[in-house]
Structure formats: C-alpha cells, structure tokens
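Visitor: In terms of the working numbering, the sequence shown opens at residue 1077 and continues consecutively.
Where is the CB? At the ideal position from N, CA and C, for every residue including glycine.
Pasting in a structure now, in structure tokens, and then I'll have a few things to ask.
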Amino acid sequence: AGTAINILTIACTIQYKKLRSHLNYILVNMAVANLIVSSVGSFTCFYCFAFRYMALGPLGCKIEGFTASLGGMVSLWSLAVIAFERWLVICKPLGNFAFKSEHALFFCALTWCFALCAAVPPLVGWSRYIPEGMQCSCGPDWYTTGNKFNTESFVLFLFCFCFSVPFTCIVFCYSQLLFTLKLAAKAQAES
C-alpha cells in the first residue's frame, strides 16, 4: 500500500500544477525517499526470506543497506524540514520572511546531502552494512565493538547527527508552535 500511495503522491503532484506548493515539494521528497526504500527493501526482503539468509551476497547487502539508510535519513530530515516550515509560517520569528518554493527545493537538496553523509561512510570503511534481524535485510553494523571499522564512533555519529539533531528540531518547532497557538487561543478568548 505504501508504494502505491507514494507513486500516487508523486504522480498527482507532477500532473496537477495546483499541487506544486512549497510544502508539497517536501512531501514529494519524502515520497520519493520512501518509494526507494519500499522498492529495494521489499524485493530484497522477499527474495532473501525465500532462501532464509542474505542470498544477495555482500554487494547486495551493501546496496540494500545503503538505499534503506539513504531513504530513511531523507524521510527523517524531511520531517524536520516540515516542522521548521510550519514554525516559520505560524510563529513568524523572521517577520516578513516567506518560505517559498526555492527554499523548499533547497531544503529538499539538503536532506539528500545530509542523508548521503550518513549512508556513504559504511561503503568506504567507517562501519559497514551487515545482515540484521532475520538475515533478510541489511543495515549499519550496530553490534560489533572494538573492531577496525570504528563501528562505535559511527553509531554515535548516527545518534547525534541523524537522530538527535532532527528530533530536537521537530520537538522545538512543534512545542513553539503549540505555545504560539495556545497564546493566540487565549488572546481570542479574552477579546
């Protein structure tokens, strides 16, 4: 179902010009990332589960781990961008600043750059992609310690840069948004 909805989101935005708003660009960005994850991940999991192990070998594991990490990071950073955009629009901390399509496209490109910064290192020796769970999919090596791949430092990097930063941004933006809406509701009730 997720694949169909992502395809529908992308197709409708391409076909109908009225849907090409700055917020929808970010949603399409997230749909593209999720489509990549569901396309590669579903095939890999289905194929490998039939064999009951990572039948695609080390290269297949790297490709699957990379695409899953890349798409997941783009989605997470896109959620942070949406929170930031809502904060700018509703709380208006920058006065007359308007979040436009150019800004949305810039932030979409930035999500891919950030995601590449997180997904490429295991391909070049900082950690690695290994089979996980039921050995039907691959992801970063969360388990190995004290090895030549510096897995611990990579996991720390992922936690700080790829989880804590976007999560903090989302929590900050939405808490400020709720505070602003609460003040507006209180002011409206008093008038």
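In whole angstroms, what separates the C-alpha of Leu1181 from that of Ser1229?
Guide: Residue 1181 sits at position 105 when you count from the first residue of the sequence shown. Residue 1229 sits at position 153 when you count from the first residue of the sequence shown. Taking the straight line from one Cα to the other gives about 32 Å.
Visitor: Going by other Cβ atoms of all chains shown within 10 Å of its Cβ, with 16 needed for buried, is Ala1080 buried or exposed?
Guide: Position 4 of the sequence shown, counted from the first residue, corresponds to residue 1080. So Ala1080 ends up on the exposed side.
Visitor: What are the boundary residues of the alpha helix (DSSP H) that includes Cys1121?
Guide: Position 45 of the sequence shown, counted from the first residue, corresponds to residue 1121. Here the alpha helix (DSSP H) through Cys1121 covers His1098 to Phe1127.
Visitor: Pull up the distance between the alpha-carbon of Val1157 and that of Cys1167, whole angstroms please.
Guide: Position 81 of the sequence shown holds residue 1157. Position 91 of the sequence shown holds residue 1167. So the two alpha carbons sit approximately 15 Å from each other.
Visitor: My understanding is that Pro1207 touches Leu1234, with C-beta atoms under 8 Å, so please give their C-beta distance in whole angstroms.
Guide: For the purposes of this step, residue 1207 is taken as the residue at position 131 of the sequence shown. For the purposes of this step, residue 1234 is taken as the residue at position 158 of the sequence shown. 18 Å between Cβ atoms; not a contact.
Visitor: For Cys1214, list the residues DSSP reports as bridge partners.
Guide: Sequence index remark: in the sequence shown, residue 1214 carries index 138 (1-based). Pro1207.
Visitor: May I ask whether a heavy atom of the ligand GTP can be found less than 7 Å away from the beta carbon of Leu1099?
Guide: Looking for the ligand GTP in the displayed structure turns up nothing, as the structure carries no ligands at all.
Visitor: With respect to the alpha helix (DSSP H) encompassing Trp1153, which residues constitute its N-terminal and C-terminal limits?
Guide: On the sequence shown, residue 1153 is found 77 positions in, with the first residue counted as 1. It spans Gly1133 to Cys1167 - the alpha helix (DSSP H) in which Trp1153 sits, taken as one unbroken run.
Visitor: Determine the closest residue to Leu1254 out of Val1165, Ala1126 and Ser1097, with distance taken between C-alpha atoms.
Guide: As a working mapping, residue 1254 is identified with position 178 in the sequence shown. Residue Val1165 is the option with its Cα nearest to Leu1254.
Visitor: Just reading off the alpha helix (DSSP H) that Pro1242 is part of, what are its end residues?
Guide: Here residue 1242 refers to the residue found at position 166 when the sequence shown is read from its first residue. That run of the alpha helix (DSSP H) goes Val1241 to Glu1266.
Visitor: CB-CB under 7 Å to Ser1203, same chain, minus the five flanking residues each way: which ones, in chain order?
Guide: If you number the sequence shown from 1, residue 1203 lands on position 127. Once the five neighbours on either side are set aside, the close Cβ partners of Ser1203 are Pro1197, Pro1216, Asp1217, Phe1225, Asn1226, Thr1227 and Phe1230.
Visitor: Could you check where the alpha helix (DSSP H) with Cys1189 kicks off and where it finishes?
Guide: Within the sequence shown, residue 1189 is the residue found at index 113, counting from 1. Note, Cys1189: alpha helix (DSSP H), Ser1177 to Ala1195.
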